[in-house]
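Working notes, structure below.
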Amino acid sequence: MSNCSGNESKSEDGSQHIAIVGTGSGAFAAAIKAVEQGARVTIIEGGDVIGGTCVNIGCVPSKIFIRGAHIAHLQGHHVVDGLPLNTPVIDRKAMVAQQQSWVEKLRYAKYESILESNPGITLLRGMARFEDASTLIVTQTNGMETTLQPDRILLAVGASASIPKTAGLIDTPFWTSTEALVAEEVPKHLIVLGGSVVALELAQAFRHLGTEVTVVARSTLLSKEDLEIGEGLKQAFEGEGIRVLTDTQVDSVMFLLGEFKLETNQGLITGDQLLVATGRQPNTEALDLDKAGVKTDKRSGIIIDDHMRTNVENIYAAGDCTNQPQFVYVAAAAGTRAARNMTGDDVAIDLSVMPAVVFTNPQVGSVGLTVQQAEAQDMVVDSRTLDLENVPRAIANMDTRGLIKLVAEKDSGRIVGCQVLAAEGGEIIQTAALAIRNRMTIQDLADQLFPYLTMVEGLKLTAQTFNRDVKQLSCCAG
1 MSNCSGNESK
11 SEDGSQHIAI
21 VGTGSGAFAA
31 AIKAVEQGAR
41 VTIIEGGDVI
51 GGTCVNIGCV
61 PSKIFIRGAH
71 IAHLQGHHVV
81 DGLPLNTPVI
91 DRKAMVAQQQ
101 SWVEKLRYAK
111 YESILESNPG
121 ITLLRGMARF
131 EDASTLIVTQ
141 TNGMETTLQP
151 DRILLAVGAS
161 ASIPKTAGLI
171 DTPFWTSTEA
181 LVAEEVPKHL
191 IVLGGSVVAL
201 ELAQAFRHLG
211 TEVTVVARST
221 LLSKEDLEIG
231 EGLKQAFEGE
241 GIRVLTDTQV
251 DSVMFLLGEF
261 KLETNQGLIT
271 GDQLLVATGR
281 QPNTEALDLD
291 KAGVKTDKRS
301 GIIIDDHMRT
311 NVENIYAAGD
321 CTNQPQFVYV
331 AAAAGTRAAR
341 NMTGDDVAID
351 LSVMPAVVFT
361 NPQVGSVGLT
371 VQQAEAQDMV
381 VDSRTLDLEN
391 VPRAIANMDT
401 RGLIKLVAEK
411 DSGRIVGCQV
421 LAAEGGEIIQ
431 TAALAIRNRM
441 TIQDLADQLF
451 PYLTMVEGLK
461 LTAQTFNRDV
471 KQLSCCAG
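Per the UniProt record's numbering, residue 1 is the first one in the sequence shown, and the count goes up by one each step.
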């Protein structure tokens, strides 16, 4: 057994030694910042490639796929007179090849090249587990074990698809998002199990490639969002020919003669492929956290505070493996702050104004509180919802599907939440986030200058609806 650092807590130059388990966005953000702070970093990866979920099997390939599928959809479904409608010829194999080439380019640019250019970060390949609260054992692929006893440990091991314990499911050749993103054939009928972000993004993308799609959701679509958002997106999906089954319980799954059969409380559902996208589970099982005394929640997520500290003094955590929201930008922000705290600073992460986007079409953007969440906190709020038929850019785009909703404290008018269902909704929501962060009121927002014929102008119009009928305004909403 080799011993990387024995019982040493400092290197020869006296710098602090930090071990980071994982190589995703949270891990790399922490590694870079820790080196800037003067630490020496060992970063540990048990998989075949570095970079974590986002660049390899998540955000990056999915958005490339969604973009390509949207272009295919426009060829046969646009509304511009004088341009012919054409049924696209789909070469899924070529789409996947291009997608994966960009994945490789981005993985090199944002991860591999950083290792090459940063001598303060050492990559150690193998599976890490705790021996005790201050000792990590890393088992390499050749069976060799390395012992690490660093000053501080950051756990950033991410998450993977959570598979429900539905009878028969595990014995079938279903897809998770990982398999769906690199599938070189387009199924005839795809059943999508799940009603949240990944399920809905991929369901629509495959529909845009010509697949018949059935979405099976246990409750409503995007059940954590404002109810109007889920209902509006359901209508948009059904308008594109996607069958949406809400409040549906799957009792059993079987695969026979090339066909999936799902027994549900709404009858039998059949299709030639099944995508299971019912959430993601923290990758903490192999860490032997009990040996270190690290506490987890019921999802096996590592419990941390706003300084990314676990209940064990020298152990920190960041990203999807924790009890924080599973977004890559949250992981990166948490990793940076964890590194600062591990090297002597005292900084917290504030997630009270955290924008989120679902890359469907129309897109979903949300930040702050919904009406229901605000009322659950005993806040007295007022809200307004503006249909996109009142937004000039949406009219010019000939796509008025969706809405913009603002939530504000009733007495002060301070904006506390915003929900958007709109084309390019993800580009709108950050403006709302800045308004909330800066404690702007509805009147403050209504008085701002917004460029005409932009979707974000809809925020100003929605703010104006608190005091006037925007249908009676001239085109530039002054």
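By construction, the Cβ of each residue, glycine as well, lies at the ideal position given by its N, Cα and C atoms.
Cβ pair residue i, residue j closer than 8 Å
i: E201; j: S62; result: yes
i: M342; j: I71; result: no
i: F255; j: T147; result: no
i: T322; j: G335; result: no
i: R414; j: A286; result: no
i: S196; j: L222; result: yes
i: G158; j: Q140; result: no
i: T166; j: V253; result: yes
i: Q99; j: I64; result: yes
i: V49; j: V41; result: no
i: D297; j: I304; result: no
i: T264; j: V276; result: no
i: V357; j: G426; result: yes
i: W175; j: Q281; result: no
i: residue 491; j: I43; result: The first residue shown for the chain is 1 and the last is 478, placing residue 491 beyond what the model contains.
i: V182; j: L106; result: no
i: V407; j: A374; result: yes
i: R384; j: T454; result: no
i: residue 479; j: V215; result: As shown, the chain starts at 1 and ends at 478. That puts residue 479 outside it, with no answer to give.
Supposed contact pair residue j and residue i - C-beta distance, whole angstroms, cut 8 Å
i: P362; j: A433; result: At roughly 19 Å, the Cβ-Cβ gap does not stay under 8 Å, so P362 and A433 are not in contact.
i: D306; j: I242; result: About 39 Å separates the two Cβ atoms, so there is no contact after all.
i: residue 481; j: E225; result: Residue 481 lies beyond the range of the chain shown here (1 to 478); nothing can be said about it.
i: A27; j: G58; result: So it is not a contact: roughly 15 Å between Cβ atoms.
i: G194; j: A217; result: 7 Å
i: F327; j: I66; result: No, F327 and I66 are not in contact; Cβ-Cβ is about 17 Å, not under 8 Å.
i: V192; j: A203; result: 4 Å
i: P355; j: Q430; result: 6 Å
i: M398; j: V79; result: 5 Å
i: D208; j: H73; result: Asp is not the amino acid found at residue 208; the sequence shown has His there. Rounded, the Cβ-Cβ distance is 4 Å, consistent with contact.
Exposure label - residue i; buried when at least 16 CB within 10 Å
i: I170; result: exposed
i: Y316; result: buried
i: N311; result: exposed
i: N86; result: exposed
i: K10; result: Unreliable placement is indicated for K10, whose pLDDT of 47 sits below 50; the coordinate value is still reported in the next sentence. So K10 counts as exposed.
i: T270; result: exposed
i: T278; result: buried
i: P119; result: exposed
i: D320; result: buried
i: N283; result: buried
i: D469; result: exposed
i: residue 480; result: A question about residue 480 goes unanswered here, because the residues of the chain that appear run from 1 up to 478.
i: E313; result: exposed
i: Y452; result: exposed
i: G458; result: buried
i: Q235; result: exposed
i: N7; result: Only weak support is given to the placement of N7: the predicted model assigns it a pLDDT of 37, under 50, and the value that follows is read from those uncertain coordinates. Exposed, since its Cβ has fewer than 16 Cβ neighbours within 10 Å.
i: E145; result: exposed
i: K295; result: exposed
i: V96; result: buried
i: P84; result: exposed
i: K410; result: exposed
i: G239; result: exposed
i: S5; result: The predicted position of S5 is uncertain, since its pLDDT is 39 and thus under 50; no value can be drawn from it.
i: S2; result: Caution is warranted here: a pLDDT of 35 is assigned to S2, below 50, making its placement in the model unreliable, and the coordinate value is therefore given only provisionally. S2 comes out exposed.
i: G82; result: exposed
i: V138; result: buried
Limits of the unbroken alpha helix (DSSP H) element including residue i
i: T465; result: First-last for T465: undefined, no H or E at that position.
i: L74; result: 59–77
i: K261; result: No alpha helix (DSSP H) contains K261, which is instead part of the beta strand (DSSP E) from 259–264.
i: A318; result: First-last for A318: undefined, no H or E at that position.
i: D387; result: No alpha helix (DSSP H) contains D387, which is instead part of the beta strand (DSSP E) from 381–387.
i: V157; result: It is not in any alpha helix (DSSP H) - V157 carries neither H nor E in the DSSP assignment.
i: A109; result: Counting along the chain, A109 falls outside any alpha helix (DSSP H), and DSSP gives it neither H nor E.
i: I32; result: 25–36
i: I395; result: 392–396
Extent of the continuous beta strand (DSSP E) run through residue i
i: R125; result: 121–125
i: T42; result: 40–45
i: I287; result: In the sequence as presented, Ile is not what sits at residue 287; that position holds Leu. Where L287 is concerned, there is no enclosing beta strand (DSSP E), given that its DSSP letter is neither H nor E.
i: G267; result: 267–271
i: T146; result: 145–148
i: I50; result: First-last for I50: undefined, no H or E at that position.
i: L19; result: Just to set this straight, residue 19 is Ala in the shown sequence, not Leu. Note, A19: beta strand (DSSP E), 17–21.
i: I137; result: 135–139
8 Å Cβ cutoff, residue i in contact with chain B
i: P84; result: Annotation note: the requested chain B is absent from the structure, which comprises a single protein chain.
**Report entry** Ranges of the alpha helix (DSSP H) found wholly within the stretch 402–447, counting only runs of at least 4
**Finding:** 425–437, 442–446
Requested in this report: Would you list, in sequence order, the uninterrupted beta strand (DSSP E) runs of no fewer than 3 residues that lie entirely inside the stretch 180–263?
Outcome: 189–193, 212–216, 243–245, 250–256
**Report entry** Those runs of the alpha helix (DSSP H) which lie wholly inside the stretch 302–378 and span at least 4 residues
**Finding:** 328–342, 371–376
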